[in-house]
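Numbering (full-length UniProt numbering), first residue to last: 1 to 105.
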Amino acid sequence: AQPSSGEMRFKGGRRELTIRNGSAVLRTNGESFDATDILKDMSAHGVDIGRVSGKTMSEMLKGNKTALPGASGNSVFAIVKGPAGYGLKAFQIAKQIHSAAAQEI
């Protein structure tokens, strides 16, 4: 993140996310998308956006599933492309992994 006059900028792969005054823009391949809903979704999951490191955000921008500071529950997140642009996707992590034999019983 490179804060300059209240602005944070993150890069991951060909994607770049700029956060300014509570709104966000995601740029990729010469196109810009409103990414403010990504911030709202992160906040709804209890994530403190100010505590998300540049490395963590970079991994999310690449589409990698990433744990976020303050997130409620056992979730990891990724920024993914959908029909209406880009959004935040939450993935639940199983609390306990069972062996195949134990599941059959």
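All C-beta atoms in this analysis are idealised placements derived from N, C-alpha and C, irrespective of residue type, glycine included. For clarity, every value in this text was computed on a predicted model and none was experimentally measured.
When the distance is taken between beta carbons, is residue j closer than 8 Å to residue i?
| i | j | result |
| --- | --- | --- |
| S72 | F91 | no |
| G12 | E59 | yes |
| L39 | L26 | no |
| M42 | L61 | no |
| R15 | T28 | yes |
Measure the C-alpha to C-alpha separation of residue i and residue j and round it to an integer number of angstroms.
| i | j | result |
| --- | --- | --- |
| S23 | Y86 | 14 Å |
| D37 | A94 | 26 Å |
| I49 | M57 | 10 Å |
| F33 | A84 | 9 Å |
Specify the secondary structure class of residue i as computed by DSSP and reduced to three states.
| i | result |
| --- | --- |
| L17 | strand |
| residue 111 | Any question about residue 111 goes unanswered here, given that the chain covers just 1 to 105. |
| G50 | helix |
| S43 | helix |
| G6 | coil |
| S72 | coil |
If contacts are defined as beta-carbon pairs under 8 Å, then residue i and residue j qualify, I think. What distance do you get, rounded to the angstrom?
| i | j | result |
| --- | --- | --- |
| G63 | V80 | 6 Å |
| A44 | K65 | Contact doesn't hold; Cβ gap of about 18 Å is too wide. |
| G82 | R51 | Actually they are not in contact, since the Cβ atoms of G82 and R51 sit about 26 Å apart, beyond 8 Å. |
Per DSSP, which one or two residues make a beta bridge with residue i?
| i | result |
| --- | --- |
| K65 | Beta-bridge pairing links K65 to no other residue. |
| D34 | V25 |
| K81 | Y86 |
So is residue i in contact with chain C if we call contact Cβ pairs under 8 Å?
| i | result |
| --- | --- |
| T56 | Within the model displayed, chain C is absent; a lone protein chain is all it includes. |
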